[in-house]
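Report on the structure given below.
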Amino acid sequence: MHDKQDESVTSLVEEFLTALATRKPSPHTLAAYRRDLRAVAALAAEVVTPALPPEALPVAALSPRVMRAGFARFAAPRAVASVHRAWSTWNSFFSFLVAEGVVAGNPMPAVGRPRAPLPQPKPLRGEDTPEQLLAAVSREDGRQRDPWPERDVAVLALALCAGLRLSELLALRVASLAGRPGERRVEVAGKGGRPRVVPVEPELDGVLVAYLDSRARRFGSRSVRPESPLLVDRQGEPLRRGGLQYLVESCYRRAGVADRVPRGARLHALRHTFATRLAEDGASAAEIMRLLGHASLASSQTYIEVTAGQQRAAVRSNRTNRVLGGLVAARGDVG
Numbered sequence: 030m031h032d033k034q035d036e037s038v039t040s041l042v043e044e045f046l047t048a049l050a051t052r053k054p055s056p057h058t059l060a061a062y063r064r065d066l067r068a069v070a071a072l073a074a075e076v077v078t079p080a081l082p083p084e085a086l087p088v089a090a091l092s093p094r095v096m097r098a099g100f101a102r103f104a105a106p107r108a109v110a111s112v113h114r115a116w117s118t119w120n121s122f123f124s125f126l127v128a129e130g131v132v133a134g135n136p137m138p139a140v141g142r143p144r145a146p147l148p149q150p151k152p153l154r155g156e157d158t159p160e161q162l163l164a165a166v167s168r169e170d171g172r173q174r175d176p177w178p179e180r181d182v183a184v185l186a187l188a189l190c191a192g193l194r195l196s197e198l199l200a201l202r203v204a205s206l207a208g209r210p211g212e213r214r215v216e217v218a219g220k221g222g223r224p225r226v227v228p229v230e231p232e233l234d235g236v237l238v239a240y241l242d243s244r245a246r247r248f249g250s251r252s253v254r255p256e257s258p259l260l261v262d263r264q265g266e267p268l269r270r271g272g273l274q275y276l277v278e279s280c281y282r283r284a285g286v287a288d289r290v291p292r293g294a295r296l297h298a299l300r301h302t303f304a305t306r307l308a309e310d311g312a313s314a315a316e317i318m319r320l321l322g323h324a325s326l327a328s329s330q331t332y333i334e335v336t337a338g339q340q341r342a343a344v345r346s347n348r349t350n351r352v353l354g355g356l357v358a359a360r361g362d363v364g
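With positions in the sequence shown counted from 1, the corresponding number in the working numbering is that position plus 29.
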């Protein structure tokens, strides 16, 4: 057995996170892993005999019994999704320790794991909200200090017509737009390192060309070299996470549709609108899975199920159905 068996869980957590760095996870993902690992380790340190400070807890103390007790305390005040995520993080951590020869086995199969509900889609509310949003943002707003409608429309259109995540938008380069006119595609560095290609229709292509032309006028042709970030701020610097979120929120406010954005969705509401409209227009779960870069078919299936529910609700609201109900009741009275 590896001589690290007496090493503290805290130090091994950092070793695990360092090993993960080769996969290029986002800082947000690494922070979530660290938070889940440290939180459960602190609770496990309280249930060992005698109780220990978290930094003194040896990995050898993490028996199935201790892990079950620690997770029971962790789960009590938290939502199912949070517990499920922490379980998966610890399972990966122990798999790493087994591979490194630090521990003999993974105790996590002995720790109960709640079934995480699939997140429900949160598209923009209102049948014509996407069109209203794009139309409003395409017009220059005199209240803006430095309006750039071409850039703002390009951001919204990439999310609404290609279904890109926030991190995927930020990772795009000018060269990510590939192919000849009429056969354009956007090459996306997807979640979990899974690349995908999304077709670009002529209308979206026109929006992106107009944006890049306006950018060349603002900052010069060198600003649109193939290796340059596709999305930039008003100073020509690469857009950051906070800047992109603020841009999208400001577009909602300018268009007067902020009240139609599901709480907590922000830019993701645009991606969900893309997927929901695909489902409404008859796309299969497999097609949605490929276009959105989902890891499993189940995630894509939720859009089909939600759309089916909406269709049934629409049929139910048809006044003719109520008339039919009255006719059936009348026939029963006659009989």
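Here a beta-carbon is modelled for each residue, glycine too, at the ideal position from N, C-alpha and C.
Rounded to the nearest angstrom, the Cβ distance from Gly134 to Val140 is 13 Å, too far for a contact under 8 Å. The alpha helix (DSSP H) runs lying completely inside the stretch 139-225 and spanning 4 residues or more are 158-167, 178-191, 195-200, given in chain order.
Excluding sequence positions up to five before and after Val227, its CB lies within less than 8 Å of the CB of Ala191, Gly192, Leu193, Arg214, Val215, Val217, Leu320, all in the same chain and listed in chain order.
Contact between Gly322 and Arg202 is absent: CB atoms are separated by about 17 Å, not below the 8 Å threshold. For the pair Val236 and Leu81, the Cα-to-Cα distance works out to about 60 Å.
Listed in chain order, the non-local C-beta contacts of Gln274 below 8 Å within the same chain comprise Leu195, Arg295, Leu296, local neighbours out to five positions each way being set aside.
With respect to Leu153, Thr39 sits apart: the two C-beta atoms are not nearer than 8 Å. Contact between the stretch 266-281 and the stretch 242-255 is not established, with fewer than three Cβ pairs separated by less than 8 Å. In terms of Cα proximity to Ser243, the closest of Val112, Asp181, Leu46 is Asp181. Between Pro136 and Ser92, the CB-CB gap stays under 8 Å.
Leu86 is the residue among Leu86, Tyr62, Ala61, Leu59 whose C-alpha sits nearest the C-alpha of Leu72. For Val236, the secondary structure class from DSSP, reduced to helix, strand or coil, is helix. Shortest Cα-Cα distance from Phe103 to any of Phe125, Asn120, Val69, Pro83 involves Val69.
Between Ser37 and Glu84, the beta carbon gap of about 6 Å places them in contact (Cβ cut-off 8 Å). For Val261, the three-state secondary structure derived from DSSP is strand. One alpha carbon belongs to Gly208, the other to Trp177, and they sit about 26 Å apart. The three-state reading of DSSP puts Ser37 in strand, counting E and B together. Asp65 is classed as buried because its beta carbon has at least 16 other beta carbons within 10 Å across all chains shown.
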